[in-house]
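Those sequence lines, one after another, are chains X and P.
First residue of the first sequence: 61, per our numbering; consecutive thereafter.
First residue of the second sequence: 61, per our numbering; consecutive thereafter.
Beta carbons: idealized from backbone N, C-alpha and C, even for Gly.
Below is one structure; the comments refer to it alone.
Protein chains: 2
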Amino acid sequence: MNESMRNNLYAVILAGGVGSRFWPLSREQEPKQFLNVFGSQTLLQDTIWRIRTKIRKENIYLVTNSMYIHDIKKQIAKFNIPQKNILLEPEGKNTAPAIGLVAMQLLFQDKDAVMLVLPSDHLILRPKAFLRVIDRAVNLAKKNFLVTLGIIPNRPEVGYGYIKVVKKRLGKIRVGCVEKFIEKPSLEKAVGFLKSKNYVWNSGIFIWKASLILEEIKKYLPELYKSLEEIKNMQEIYPIWKTIKPISIDYGVLEKSKRLITIPANISWTDLGSWDALLGVLKKDKNSNVFKADSLDIGSKNIFVWGGKRLIATVGLEDLILIDTPDALLACRRELSQNVKNIVELLKKHKREERILHKTVKRPWGSYTILDTGTGYKIKIVEIEPRQRLSLQLHKRRAEHWVVVEGKAKIQKGRKNFYVNQNESIYIPANKLHRLENPLKVPLKIVEVQTGKLLQEDDIVRFKDDYERIKP
Amino acid sequence: MNESMRNNLYAVILAGGVGSRFWPLSREQEPKQFLNVFGSQTLLQDTIWRIRTKIRKENIYLVTNSMYIHDIKKQIAKFNIPQKNILLEPEGKNTAPAIGLVAMQLLFQDKDAVMLVLPSDHLILRPKAFLRVIDRAVNLAKKNFLVTLGIIPNRPEVGYGYIKVVKKRLGKIRVGCVEKFIEKPSLEKAVGFLKSKNYVWNSGIFIWKASLILEEIKKYLPELYKSLEEIKNMQEIYPIWKTIKPISIDYGVLEKSKRLITIPANISWTDLGSWDALLGVLKKDKNSNVFKADSLDIGSKNIFVWGGKRLIATVGLEDLILIDTPDALLACRRELSQNVKNIVELLKKHKREERILHKTVKRPWGSYTILDTGTGYKIKIVEIEPRQRLSLQLHKRRAEHWVVVEGKAKIQKGRKNFYVNQNESIYIPANKLHRLENPLKVPLKIVEVQTGKLLQEDDIVRFKDDYERIKP
Numbered sequence: 061m062n063e064s065m066r067n068n069l070y071a072v073i074l075a076g077g078v079g080s081r082f083w084p085l086s087r088e089q090e091p092k093q094f095l096n097v098f099g100s101q102t103l104l105q106d107t108i109w110r111i112r113t114k115i116r117k118e119n120i121y122l123v124t125n126s127m128y129i130h131d132i133k134k135q136i137a138k139f140n141i142p143q144k145n146i147l148l149e150p151e152g153k154n155t156a157p158a159i160g161l162v163a164m165q166l167l168f169q170d171k172d173a174v175m176l177v178l179p180s181d182h183l184i185l186r187p188k189a190f191l192r193v194i195d196r197a198v199n200l201a202k203k204n205f206l207v208t209l210g211i212i213p214n215r216p217e218v219g220y221g222y223i224k225v226v227k228k229r230l231g232k233i234r235v236g237c238v239e240k241f242i243e244k245p246s247l248e249k250a251v252g253f254l255k256s257k258n259y260v261w262n263s264g265i266f267i268w269k270a271s272l273i274l275e276e277i278k279k280y281l282p283e284l285y286k287s288l289e290e291i292k293n294m295q296e297i298y299p300i301w302k303t304i305k306p307i308s309i310d311y312g313v314l315e316k317s318k319r320l321i322t323i324p325a326n327i328s329w330t331d332l333g334s335w336d337a338l339l340g341v342l343k344k345d346k347n348s349n350v351f352k353a354d355s356l357d358i359g360s361k362n363i364f365v366w367g368g369k370r371l372i373a374t375v376g377l378e379d380l381i382l383i384d385t386p387d388a389l390l391a392c393r394r395e396l397s398q399n400v401k402n403i404v405e406l407l408k409k410h411k412r413e414e415r416i417l418h419k420t421v422k423r424p425w426g427s428y429t430i431l432d433t434g435t436g437y438k439i440k441i442v443e444i445e446p447r448q449r450l451s452l453q454l455h456k457r458r459a460e461h462w463v464v465v466e467g468k469a470k471i472q473k474g475r476k477n478f479y480v481n482q483n484e485s486i487y488i489p490a491n492k493l494h495r496l497e498n499p500l501k502v503p504l505k506i507v508e509v510q511t512g513k514l515l516q517e518d519d520i521v522r523f524k525d526d527y528e529r530i531k532p
Numbered sequence: 061m062n063e064s065m066r067n068n069l070y071a072v073i074l075a076g077g078v079g080s081r082f083w084p085l086s087r088e089q090e091p092k093q094f095l096n097v098f099g100s101q102t103l104l105q106d107t108i109w110r111i112r113t114k115i116r117k118e119n120i121y122l123v124t125n126s127m128y129i130h131d132i133k134k135q136i137a138k139f140n141i142p143q144k145n146i147l148l149e150p151e152g153k154n155t156a157p158a159i160g161l162v163a164m165q166l167l168f169q170d171k172d173a174v175m176l177v178l179p180s181d182h183l184i185l186r187p188k189a190f191l192r193v194i195d196r197a198v199n200l201a202k203k204n205f206l207v208t209l210g211i212i213p214n215r216p217e218v219g220y221g222y223i224k225v226v227k228k229r230l231g232k233i234r235v236g237c238v239e240k241f242i243e244k245p246s247l248e249k250a251v252g253f254l255k256s257k258n259y260v261w262n263s264g265i266f267i268w269k270a271s272l273i274l275e276e277i278k279k280y281l282p283e284l285y286k287s288l289e290e291i292k293n294m295q296e297i298y299p300i301w302k303t304i305k306p307i308s309i310d311y312g313v314l315e316k317s318k319r320l321i322t323i324p325a326n327i328s329w330t331d332l333g334s335w336d337a338l339l340g341v342l343k344k345d346k347n348s349n350v351f352k353a354d355s356l357d358i359g360s361k362n363i364f365v366w367g368g369k370r371l372i373a374t375v376g377l378e379d380l381i382l383i384d385t386p387d388a389l390l391a392c393r394r395e396l397s398q399n400v401k402n403i404v405e406l407l408k409k410h411k412r413e414e415r416i417l418h419k420t421v422k423r424p425w426g427s428y429t430i431l432d433t434g435t436g437y438k439i440k441i442v443e444i445e446p447r448q449r450l451s452l453q454l455h456k457r458r459a460e461h462w463v464v465v466e467g468k469a470k471i472q473k474g475r476k477n478f479y480v481n482q483n484e485s486i487y488i489p490a491n492k493l494h495r496l497e498n499p500l501k502v503p504l505k506i507v508e509v510q511t512g513k514l515l516q517e518d519d520i521v522r523f524k525d526d527y528e529r530i531k532p
């Protein structure tokens, strides 16, 4: 790849998804892309890491929901991507508006911009092969095609969308033309697709010129195009975005466009769209089980156990998925793991917190975990990251006892400042102005015992905040 | 039943069992008989409650392992049973020694004593029918028979022992003589037993004269008899008990005795010997499921979900048992619920705490729950029952921060006494003598944050204790 091509090539990472089929590990406020499913990095970080040798950091763009801004910033900090490259959607409108938005921004600055559109929550176990496919795709994109990566199936998967491919000669080039898109098929059909070899999985990874995709959006989604044109800069997005109709790029543009081609890819890919899809890429033991938990088993087969601190004992189970988190357990028949989304719908209907938050709640300054609540008290462990501080605040109805168990705290209480060391404690009465800060380069951990008759998170008055959480 | 009969009738409740097949609800230090499986009382309390109109409280005896002494005392407090009626075995030796021990004690004071031997961890859903059967059994016992209650089977249960009965005329009386005992049969055999109507379940409920059972023990277990004779009073039990060989009354005496008869009982009984046995007596919903948890289900059949605070979501499961506790989860195929004992054996092999203790650990003065542990700290919630106090103690390696969140604490720190109210806190440094007391008639709850490099339960030096836990 020559230097000029690198300069024109941009990554557009779609990082606004909710991923409800990965519940209970994913939650609305902690979606799949921010989870550390395998080892050292989150799926989003892996996505950036994979393309680091191909695309300059100044050319990496992220689109996400504004509620994820703090997570995104934290996660991409180590990659030195410019902050201005994070584009915030006021609300999710599916892929077509998000892709159109970035295309428009890119075109302002580079008329030859080529976009590599990447979901942020997929797994690719052959990253080098992936980069080779991308090189081919970029060459075709430069010849004015909309290029989609088609994954060569290795099993009759019913959880994916398929693309029927017909090989054609377009002028001088032989390409795989897209005959049609097929939504999740029946098992019977999926078996047929696997045999025929004319079908690939729709990966949601696309490569095209910003100018071409906007041309096609103008042709097939003229209303969306008009709205996108109106967004001259990101400050003006709110009122316009509200009026945009949600639609996917597949359904809105690709299924209609005459410029769409697909190139086959063999890159050990999964969209992690269900627990079973994850299981599809994990290494099994001799009884076809996968245990990622503190577990004991007697005689189970084809089961997948994922857990944390708790002990999970299994006896004689078959074809089952058990996903254990501190506040919620999922037990699901393997072939029904797509139905987890129905559980999430039930949770929504019943207004259950377990849909939205984990027991450990992330905050821009760190996190807290509620250990216990009872009449008149709540116990939290609060972790403040190095050099971060909470807002200057007060609570009208609760007092707080803090015991420092790790690190050293700098505490403002009223007008005075204190340093509180490990194994020391401090008391903050109700209505007392206070601020908690970690002044060191190591983590700070405190135990907070709240007492009072009303102990709600929204009993907080903020006076100053490092994370712009004070609404005017 | 006339008054003289009541005077001669004694209940002997066997309350020393461990009940490993009810894990993870039961633990070694919290066995089945002390659990509240149904509603308002524990199984032990239910056992006493059932016979309250038939047997005077002075005539109710309990045999248990000495490690359960505090639990037993708490549980029977409301029945006003004399403390001397609790006989403590230094260690469990199965049923024959325990029954022989009480028989000997009863005979000292009443040569005509009739014993009703009752396991403490069974469920009987027809208590009135049970009392009627007992009346008949007592009459036969007085005629010098060893009487065992035989439960009329209603299903081909493979988890129970069976007794083959032959009806005979012994002198003037028609009785069911025991032809043989059958250990847990195959399903095929159990189906045959159910059809033939000559088989009953061995309930472990026995009625006999103390004098007769001792005669039979002397005949068939002469060594045990000799040992029992040596125990003149309970203070002398330790060295003698050590030498006794564990053996069940069934195997050691009943299978050999010529005096054994059985009377059939239809009392909706279960020994709760497995999760499936419990399920056998629970009411099912229209899909044959039982949910005793905060649960959400989509399309499961024949499943049993038992839980606590955590949400349990189930999708498309069949014939499954899910038992969730704060520190351990069991997922078991229904027909394999007998194998839970093998999990408990594995836990023993791996020296896992989850076999022995619950996350909430009971103490004679109340309980504590470990909420979190980390490097250098441990967080507990400690509940002290009304008018109880912990020992006068010190810890060599840890400091303790206490925040009172409910009630009022009386605290000795060094030589001084303090009252600490709700929403107040106190600090106890390492090596400081201290004592925590609940002076009121309402519960006291404190949050304890321990800090220090070594945080082990055995870092305690006791100086005074209300519960005789200071070893000389």
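Contact with chain P by residue i, beta-carbon distance below 8 Å
{"i": "Y487/X", "result": "yes"}
{"i": "L389/X", "result": "yes"}
{"i": "Y479/X", "result": "no"}
{"i": "N293/X", "result": "no"}
{"i": "N362/X", "result": "no"}
{"i": "N62/X", "result": "Only weak support is given to the placement of N62/X: the predicted model assigns it a pLDDT of 49, under 50, and the value that follows is read from those uncertain coordinates. It does not: the Cβ of N62/X has no partner Cβ on chain P nearer than 8 Å."}
{"i": "L281/X", "result": "no"}
{"i": "T435/X", "result": "yes"}
{"i": "V350/X", "result": "no"}
Burial state of residue i (16 or more Cβ within 10 Å)
{"i": "D345/P", "result": "exposed"}
{"i": "T511/X", "result": "buried"}
{"i": "M61/P", "result": "In this prediction, M61/P has a pLDDT of 46, which is less than 50 and means its spatial position is unreliable; what the coordinates show is noted afterwards. When all chains shown are included, M61/P counts as exposed."}
{"i": "A137/P", "result": "exposed"}
{"i": "S64/X", "result": "For S64/X, the pLDDT reaches just 47, beneath the cut-off of 50, and the residue's location in the model is therefore unreliable, although a value from the coordinates is still provided. Exposed, since its Cβ has fewer than 16 Cβ neighbours within 10 Å."}
{"i": "E528/X", "result": "exposed"}
Beta carbon proximity, residue i to chain X, threshold 8 Å
{"i": "A373/P", "result": "yes"}
{"i": "K505/P", "result": "yes"}
{"i": "G426/P", "result": "no"}
{"i": "I358/P", "result": "yes"}
{"i": "L514/P", "result": "no"}
{"i": "T511/P", "result": "yes"}
{"i": "E466/P", "result": "yes"}
{"i": "V78/P", "result": "no"}
{"i": "C237/P", "result": "no"}
{"i": "N483/P", "result": "yes"}
Integer Cβ distance of residue i from residue j, believed to fall under 8 Å
{"i": "T102/X", "j": "Q135/X", "result": "6 Å"}
{"i": "I273/P", "j": "A373/X", "result": "40 Å between Cβ atoms; not a contact."}
According to DSSP, residues forming a beta bridge with residue i
{"i": "K269/P", "result": "V174/P"}
{"i": "S427/X", "result": "K422/X, E443/X"}
{"i": "L74/P", "result": "V123/P, P179/P"}
{"i": "Y479/P", "result": "K470/P"}
{"i": "P324/P", "result": "G210/P"}
{"i": "K351/P", "result": "Reading off the sequence, residue 351/P comes out as Phe, not Lys. DSSP output for F351/P lists V365/P as bridge partner(s)."}
{"i": "Y259/X", "result": "K224/X"}
{"i": "V521/P", "result": "L454/P"}
Would the stretch 258-267 of chain X and the stretch 176-192 of chain X be scored as touching if the rule is three or more Cβ pairs under 8 Å?
-> yes
Contact between the stretch 477-490 of chain X and the stretch 491-508 of chain P: three or more CB pairs below 8 Å?
-> no
Okay, do the stretch 487-495 of chain P and the stretch 425-435 of chain P touch, 3+ Cβ pairs below 8 Å being the bar?
-> no
Should the stretch 82-95 of chain X be regarded as contacting the stretch 158-173 of chain X, the criterion being three or more beta carbon pairs within less than 8 Å?
-> no
Are three or more beta carbon pairs between the stretch 204-212 of chain P and the stretch 321-341 of chain P nearer than 8 Å?
-> yes
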